[in-house]
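Residues 31 to 175 (my numbering) make up the sequence shown, in order.
Everything below concerns the one structure shown next.
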Amino acid sequence: WDQVFVEATRATLDELGFVPAGRLEVTTEPAGAPVTVDGAPPDASGGWRLRPGRHVVRGEGPGGKAEVEAVVLAHRTTQVALPLPTARVTDSGGVLASPWFWAGVGVVVLGAATAAVVAADPFARDPAPGCFCVTTQGGPCTPCP
Numbered sequence: 031w032d033q034v035f036v037e038a039t040r041a042t043l044d045e046l047g048f049v050p051a052g053r054l055e056v057t058t059e060p061a062g063a064p065v066t067v068d069g070a071p072p073d074a075s076g077g078w079r080l081r082p083g084r085h086v087v088r089g090e091g092p093g094g095k096a097e098v099e100a101v102v103l104a105h106r107t108t109q110v111a112l113p114l115p116t117a118r119v120t121d122s123g124g125v126l127a128s129p130w131f132w133a134g135v136g137v138v139v140l141g142a143a144t145a146a147v148v149a150a151d152p153f154a155r156d157p158a159p160g161c162f163c164v165t166t167q168g169g170p171c172t173p174c175p
């Protein structure tokens with residue numbers, strides 16, 4: 031009996047020119063982002079009461095805007111999930127991505143390698159092996175042959 035009454039009431043309202051409405055509810059990811067449907071904000075209950083048909087749902091998140099189309103049916107609640115772009119995190123690589131850092135590392139490594147070679151070569155400090163000079167009280171040293 032209730033269903034018959036509902037159908038009769040709908041038919042009467044349609045004949046009188048009343049447009050049936052549907053309800054649209056939108057959830058966003060991330061939650062709580064601002065959303066409009068056909069440019070209008072939500073009503074006090076957080077949704078939209080709309081004429082049946084296609085409607086444009088727009089939202090804006092930390093990474094940009096998103097838009098979907100929703101089809102609202104008369105006397106029905108349509109639920110739409112609107113995924114929003116997240117903020118883009120760019121990794122510049124910090125100091126390790128800088129060519130200047132790697133140039134500095136190269137200079138330090140080259141300097142250390144050169145110092146190691148010089149320190150390991152006993153002839154680098156004494157060009158004439160076996161020749162040494164002993165003087166008394168700062169006298170002159172005769173060169174080795």
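The beta carbon of each residue, even a glycine, is placed where N, CA and C say it ideally should be.
Less than 7 Å between the beta carbons of residue i and residue j, yes or no?
i: V36; j: V67; result: no
i: G77; j: E55; result: yes
i: E59; j: P113; result: yes
Among the options, which has the Cα closest to the Cα of residue i?
i: L103; options: F131, F48, H85; result: H85
i: G83; options: V34, P71, A51, D32; result: A51
i: A40; options: D73, H105, A61; result: Note that residue 40 is Arg in the sequence shown, not Ala. Taking only the C-alpha atoms, the option nearest R40 is H105.
i: A74; options: P170, R53, G93; result: R53
i: G93; options: V125, D32, A63, V147; result: A63
Just curious, the beta strand (DSSP E) that residue i is in, first and last residue?
i: V36; result: Unbroken run through V36 is the alpha helix (DSSP H), 32-45; no beta strand (DSSP E).
i: Q109; result: 107-113
i: T166; result: Run containing T166: none; DSSP gives neither H nor E here.
i: V56; result: 52-59
With a cut-off of 8 Å on the beta carbons, I'd call residue i and residue j a contact; round off their distance for me.
i: G91; j: T116; result: 7 Å
i: A96; j: V110; result: That pair is no contact at about 11 Å.
i: R81; j: V49; result: 6 Å
If you count every other CB in all the chains shown that lies within 10 Å of the CB of residue i, and 16 or more means buried, which is it?
i: V65; result: buried
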